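Enquirer:
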Amino acid sequence: MIAKTFPRGGGEIPHRKAATESKPIVAMPAPSVVVIPLIQHIGAICEPLVSIGDKVKMGQKIGEGKQYICAPVHSSVSGKVVAIEERPSLNGNKVLSIVIENDEKDEPISGESNKKILKLSPEAMCKTVREAGIVGMGGAGFPTHVKFQPPMPVDTVLINGAECEPYLTCDHRLMVEKAAEMVGGLLAIMRATGAANGIVCIEDNKPDAIAVVTEAIKDHPELSVEALQVRYPQGAEKQLIKAVLDKEVPSGCLPCESGCIVNNVHTAIAVYEALTEGKASYERVVTVSGGSVVDPRNVLVRIGTSIKELLDFCGGLLGEPGVIISGGPMTGQEVTSLEGPVVKALSGILALSKEEAFFDKNLPCIRCTLCVQACPMGLTPNLLGEYSSKGMFKNAEKLNIDDCIECALCSYVCPAKRALITWIIDGKAGLAAERAKEKVS
Amino acid sequence: MQTKTGPFLRSTLTIEKIMYDVLLALLPAVIAGVVFFGHSALVVLLLSTLSAVITEAIFLRAPFTVKGILGDGSALVTGLLVGLILPPTTAWWIPVLGSFLAISLVKLAFGGIGHNIFNPALGARAILLLAFTSQLVKFTVPFDTITAATPLLTSRSFSWSLVWGNVGGSIGETSVIAILLGAIYLLYKGHINWRIPVGYVGSAFALALLLGLDPWYTITAGGLLFAAAFMATDMVTSPVTPVGELLFGIGCGVLTIVIRQFTPFPEGVTFAVLTMNALAPILESITIPTIFGVSLSKKTRVQTGVVAASVFVVLIGILFSINIIRPTVTPIISNNEHLPITEMLGSADFEVVYEDGVTYYLTRDNEGDPAEVVLIASQGGFNAPIEFLLVLDNKHEIQDIKILDHKEDPGLGELITRDSFLRQFVGLDQNSPFGLGEDIQGITGATISSRALASGVNKAFDKFADTFYPQEGSSLLTDGTYKGKANSFGGVLEVEVDVSSGKISRVEVTKHTDTPGISDGAFAKVPGRIVDQNETKVDAVSGATVTSDAIMKAVQNALDSASTDQVDQSSAGFEIAVDDGIYQGSAKGFGGNFVMDVTVKEGKITELQVVESNETPFIADSALKKLLPAILEAQGPVDTISGATVTSKAVFEAIENALGAGEDTSESTQSQKSFNISVGDGVYQGSAKGFGGDLVIEVTIKSGEITELEIVESKETPFIAEGAFKRLIPAIIEAQGPVDMISGATVTSNAVMEALENAISIKEAR
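Top to bottom, those sequences are chains A and W. Sequential numbering of the first sequence, starting at 0, is according to numbering that gives the first Met the number 0. Sequential numbering of the second sequence, starting at 0, is according to numbering that gives the first Met the number 0.
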């Protein structure tokens with residue numbers, strides 16, 4: 000049988016996962032100081048619940064917001080709050096953060112252990128997940144409890160194990176090593192949302208993960224594993240739904256419009272751990288890779304650990320890297336501050352050597368149509384880029400700039416190495432600003 | 000510090016790689032060109048490529064290194080393309096200038112790579128084509144240096160040499176195999192996709208079919224395939240949207256055929272692609288694809304379906320109607336090939352007449368006059384006589400014209416062989432002026448040849464009239480002395496002409512003001528020639544053409560007055576064969592039926608009244624006001640009123656019909672032919688040659704009468720013939736004899752009657 004995939008656009012990109020895909024997850028010792036940003040998710044920023052000098056335990060809630068779309072933050076170590084101040088995040092922006100000195104005791108807060116998760120009501124599950132501060136761990140950082148209460152009934156929950164970004168292997172390793180927990184999380188999400196089916200979607204370049212997960216679900220007829228073709232951006236939500244369920248999420252709508260929700264592998268595991276052990280989201284697995292990293296590996300790391308320490312744990316850097324990226328090389332951003340902390344949504348830290356990393360050249364567009372052919376959303380990126388870079392946001396709007404999923408494949412295929420996706424992302428922001436202005440006036 | 004933006008991985012494909020892939024794809028065409036056309040082709044290619052690269056390097060102030068000068072390789076591609084679309088024998092400066100223009104004017108002036116609106120190579124070719132036409136159309140035969148034409152001008156049908164490419168043409172455009180190899184490589188590499196080439200070739204193929212051209216020839220000859228593979232697919236100047244690409248290709252194909260068929264340009268590719276280049280942004284903006292997550296509404300789908308279906312139906316309709324209008328495609332004839340006279344005349348029963356340098360193949364009508372005629376004549380062209388063929392219908396209007404042989408310059412005088420030029424002759428007759436700028440538009444660059452053909456056709460008509468209608472010639476002149484005038488160089492010129500025993504016996508110039516010395520030759524020789532040849536049109540004296548012409552015209556004027564006198568004296572009046580009374584007669588006028596009442600009293604027309612007229616108001620009215628009194632006075636046809644010739648003629652005809660009416664009816668009943676049925680009752684078969692081949696009929700005779708008629712075998716054009724049969728058969732049975740032809744199916748009608756006669760006569764013979 001030919002593996003499923005999405006029909007439109009897309010392309011093959013290098014995998015470069017060999018360095019870490021077969022390396023087991025290694026736990027990194029907690030650092031002496033952690034910096035916990037009060038916002039690590041999409042939504043409103045949290046208010047600090049502690050003050051300087053307070054003693055905190057590992058997993059203790061230290062920040063919380065009243066808004067619905069918000070996820071609380073927790074201390075990843077036990078120790079003392081030494082500062083509540085603005086600290087640089089990965090991209091250099093200053094974010095209000097709580098700085099905690101580690102007392103090296105890793106004294107956990109007394110969590111309620113609850114092995115009977117299937118007896119919890121959906122509302123209780125939702126509340127527990129929110130309390131645990133779980134957000135989408137694939138990169139987006141959308142508060143997970145919101146997905147637990149979809150505005151319309153859903154029948155299918157998809158676990159996104161496509162991991163189509165090059166280099167990244169954290170989800171791959173988690174599926175191999177924590178398949179049971181992931182399946183537990185999937186069942187919990189299905190129960191919470193009332194969905195009847197669960198499908199784990201994995202690109203077929205991870206045969207070991209497919210085998211392990213297939214084994215793990217064998218007692219659950221309502222679950223299945225879908226092996227997908229290796230094709231970028233297979234892991235994009237809309238493309239995943241199209242590939243597996245052959246449903247097109249209508250333009251401008253959420254996946255629940257098509258009767259399904261999508262969760263990341265790591266998120267499902269975090270949900271399971273929150274429900275069974277009461278464990279808050281204070282650590283995660285991060286892939287540290289790239290040609291400039293001495294010892295690339297998948298690291299279980301505390302939230303708040305600085306990138307510098309994380310890289311040092313992996314043997315440090317080989318000379319001057321071409322670029323250090325948070326996330327994958329396609330959709331990730333440059334890390335400009337190595338003091339910046341690991342956050343909940345960080346899937347990878349990549350230090351690409353100068354030979355590996357490519358940057359924009361912005362030669363003239365020769366209208367080769369490769370970006371049009373590649374766009375999985377059927378957009379015309381060359382025109383969108385052109386309009387956006389010239390500030391003609393309204394023209395870009397007519398060409399559906401809002402539907403761009405920012406997979407960056409257009410920039411990847413461009414023979415003129417134009418900064419298409421950068422312009423388009425700026426264009427989306429510019430258009431939003433223009434709309435806001437119009438609303439005011 | 001500026002943040003670096005993602006993605007941090009990029010495909011290895013670069014503009015340079017694309018350009019070098021295109022160069023590689025052009026290699027087969029380069030090799031084919033050099034093999035077929037020798038080192039001169041190589042020189043052209045090298046010059047054009049070098050010129051392009053150097054031009055770009057200078058304009059961009061490129062660093063003086065190999066890599067800097069080659070740049071992104073796009074100049075190499077442009078330069079090579081410019082060379083490949085030039086003839087191998089062109090002057091050395093043509094490729095140099097062409098590449099310079101392509102890079103500087105068409106590409107860099109618009110902002111360089113990616114910003115040019117028009118394909119640089121084709122833009123340059125367009126400029127060269129218009130500025131240095133002859134340099135662009137001098138093609139040579141492969142393996143030889145004889146100048147020849149591109150197959151687009153000499154042949155019209157497919158041959159395998161077009162596929163290999165050993166035909167005359169531009170360096171890179173001749174070999175289909177080489178072009179396909181390159182195109183397949185580009186498709187494999189993903190630098191082009193199927194939409195533009197398939198749209199281009201497919202639409203050209205379809206349109207060629209519709210127009211009755213050889214579709215395989217259409218797509219393999221000339222630069223069409225090369226353009227479909229390498230020119231129209233140029234990334235910069237074609238749309239980026241999938242549907243836009245398809246429309247772009249289709250537009251190129253349609254325009255190419257339209258330009259080839261309906262304009263004087265021998266090749267349509269250049270201007271077709273350039274036109275579509277200009278339309279590319281519009282095509283793009285109207286074909287933005289439907290994005291992911293937006294499904295078309297049912298209404299939109301139905302609408303699209305209906306529109307597509309109706310376009311399809313209309314196209315099929317056009318196909319049918321063209322087939323009906325042009326039931327057969329007359330095969331093109333060349334000097335050495337068989338002339339399909341039978342098909343042209345619609346009958347195998349023709350006679351051949353050779354007279355005065357013209358060959359006639361003709362059928363005769365009932366009165367023995369020529370009906371349909373094919374004539375072959377020649378006229379001195381620019382280099383050598385142009386031999387041509389005219390097909391005249393039974394009204395002696397030109398139905399078709401073909402050039403059989405000529406030695407006019409390739410690409411210049413040769414353009415007279417274009418359909419678009421020749422088509423102008425169709426429908427003209429002996430009364431047409433055949434003047435350049437009047438009824439015939441000459442071809443720029445081929446004026447002399449155009450004029451030669453026009454006057455050749457005119458002379459052929461004159462000779463045709465002289466040969467078959469000699470009573471209208473000068474032999475009818477009445478003896479006497481006549482005077483005539485004409486305008487000459489210096490003013491009015493007067494002649495005196497003596498006619499004795501119906502022939503011109505003396506011509507004397509009685510008055511002129513032309514320059515002495517220059518015109519003397521004309522005065523000395525032209526009158527003598529006129530007398531010798533007994534014709535008013537004789538060869539002019541060179542150096543004194545105007546005077547010569549004036550003398551001839553004056554003599555003609557003099558003789559015209561002689562003929563007019565004669566007409567007055569002779570019985571050109573209406574023959575009144577009816578008793579006194581009022582008679583009605585009708586004729587076809589300008590606008591339709593024209594009916595008149597004619598009152599006859601004591602053998603004379605005393606009153607004329609228009610009963611029904613559909614003529615143009617004002618024009619016809621005033622004409623009639625003058626005409627009718629004149630007719631009454633002359634008791635016969637008078638000079639037609641200018642501006643209302645048709646109406647005037649209709650009036651004469653209607654009167655004639657009215658006066659002959661009684662007679663006619665009696666005669667027609669008496670003389671109506673019927674088949675001579677001398678066979679006994681039974682079923683008989685007979686056959687005859689029809690339009691498409693043998694036509695076999697079966698006739699049933701009962702008590703000496705035809706009771707049933709059946710078509711057993713027919714190869715006639717469907718629709719036309721069937722309709723004819725339906726009307727013809729009952730009519731024949733009713734008339735028991737030949738009936739009027741079904742218009743539009745004359746040949747078939749004839750064949751049916753002939754077959755019928757055969758059926759009856761075969762038995763008779765036994």
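Glycine included, every Cβ here is placed at the ideal spot set by N, Cα and C. Predicted model, so just to flag it, every value in this text is computed and none were measured.
1. Give a yes or no on whether the minimum CB-CB distance between A:M329 and chain W is below 8 Å.
2. Kindly indicate which residue of A:A191, A:G193, A:A195 and A:V212 has the alpha-carbon position closest to the one of A:V175.
3. Please classify A:H73: does DSSP put it in a helix, a strand, or coil?
4. Straight-line CA distance for W:I17 to W:S47?
5. Taking only the alpha-carbon atoms, compute the straight-line gap between W:A147 and A:I404 and give it to the nearest angstrom.
6. Taking W:F58 as the query, report the chain A residues whose CB atoms sit under 8 Å from its CB, ordered along the chain.
7. Tell me which same chain residues have a C-beta within less than 7 Å of the C-beta of A:A2, skipping the five on either side of it?
8. When the Cα atoms are used, what is the spatial distance from W:T88 to W:V76?
9. Enumerate in chain order the residues of its own chain whose CB-to-CB distance from W:V351 is below 6 Å, with the five nearest sequence positions on each side excluded.
10. Taking any Cβ of chain W, which residues in the stretch 12–30 of chain A have a Cβ under 9 Å from it, in chain order?
11. Can at least three beta-carbon pairs, one atom from the stretch 220–230 of chain W and one from the stretch 53–64 of chain W, be found at a separation below 8 Å?
12. Taking CB distances under 8 Å as the criterion, tell me whether W:F7 reaches chain A.
13. Mind checking whether A:C169 and A:Y231 have CB atoms under 8 Å apart?
14. Cβ of W:V508 within 7 Å of any heavy atom in the ligand SAH?
15. Residues bridged to A:A344 by DSSP?
16. Could you tell me the distance, in whole angstroms, from the CA atom of A:R323 to the CA atom of A:V300?
17. Please check if any C-beta of chain W sits within less than 8 Å of the C-beta of A:Q228.
18. From the beta carbon of W:S294, is the nearest beta carbon of chain A less than 8 Å away?
19. Does the pairing of the stretch 57–67 of chain A with the stretch 362–375 of chain A give three or more beta-carbon distances under 8 Å?
20. To which residues of the same chain is W:E493 closer than 8 Å at the C-beta, ignoring the five residues directly before and after it?
21. Within this structure, are the beta carbons of A:L349 and A:P328 separated by less than 8 Å?
22. Which ranges would you report for the alpha helix (DSSP H) in the stretch 303–359 of chain A if only whole runs of at least 4 residues count?
23. Roughly how many angstroms lie between the CA atoms of W:Y19 and A:G135, to the nearest whole one?
24. Look up W:G770 in the DSSP assignment and say whether it is helix, strand or coil.
25. Is W:I331 close to chain A? Criterion is C-beta to C-beta, closer than 8 Å.
26. With DSSP as the reference, identify every bridge partner of A:D154, one or two as the case may be.
27. Got a sec: which bits of the stretch 345–356 of chain A sit with their beta carbon under 7 Å from any beta carbon on chain W, in order along the chain?
28. Pull the bridge partners of W:M595 from the DSSP assignment, please.
29. Please return the same chain residues whose Cβ sits closer than 7 Å to the Cβ of A:E247, not counting the five positions on each side in sequence.
30. May I have the straight-line CA-CA distance separating A:P6 from A:G234, to the nearest angstrom?
31. Give a yes or no on whether the C-beta atoms belonging to W:A451 and W:G379 are separated by under 8 Å.
32. Roughly how many angstroms separate the alpha carbons of A:E355 and A:G321, rounded to a whole number?
33. Check the Cβ of A:E247 against every Cβ in chain W and list those closer than 8 Å, keeping chain order.
34. Where A:K343 and A:G9 are concerned, what is the direct C-alpha to C-alpha distance, given to the nearest angstrom?
35. With DSSP collapsed to three states, give me the class of A:A195.
36. Taking Cβ positions only, does A:E333 come closer than 8 Å to chain W?
Expert: Taking the geometry as given:
1. yes
2. A:V212
3. strand
4. 20 Å
5. Confidence in W:A147 is poor, its pLDDT being 48 and thus under 50, which makes the residue's placement unreliable; the coordinate value appears in the next sentence. The alpha-carbon atoms of W:A147 and A:I404 are separated by roughly 60 Å.
6. Going along chain A, no residue has its Cβ under 8 Å from W:F58, so there is no contact; the nearest lies around 15 Å.
7. D203, A226, L227 and Q228
8. 21 Å
9. Y360
10. I12, P13 and R15
11. no
12. yes
13. no
14. What this structure holds is no ligand at all, so the ligand SAH is not there to describe.
15. Answer is none; A:A344 lacks a bridge partner.
16. Note on residue identity: the sequence assigns Ile, not Arg, to residue 323 of chain A. When rounded, the distance between both Cα atoms is 18 Å.
17. no
18. yes
19. no
20. K482, G483, K484, V508, T509, K510, H511 and A553
21. yes
22. 306–312
23. 46 Å
24. With chain W represented from 0 up to 765, any question about residue 770 of chain W goes unanswered, as that position is not in the structure.
25. Note that W:I331 scores a pLDDT of 36, beneath 50, so its modelled location is shaky; the value from the coordinates is reported in the next line. No, no contact with chain A.
26. According to DSSP, A:D154 bridges with nothing at all.
27. L351 and A356
28. W:G584 and W:V609
29. K241
30. 14 Å
31. yes
32. 8 Å
33. F291, G292 and S294
34. 28 Å
35. coil
36. yes
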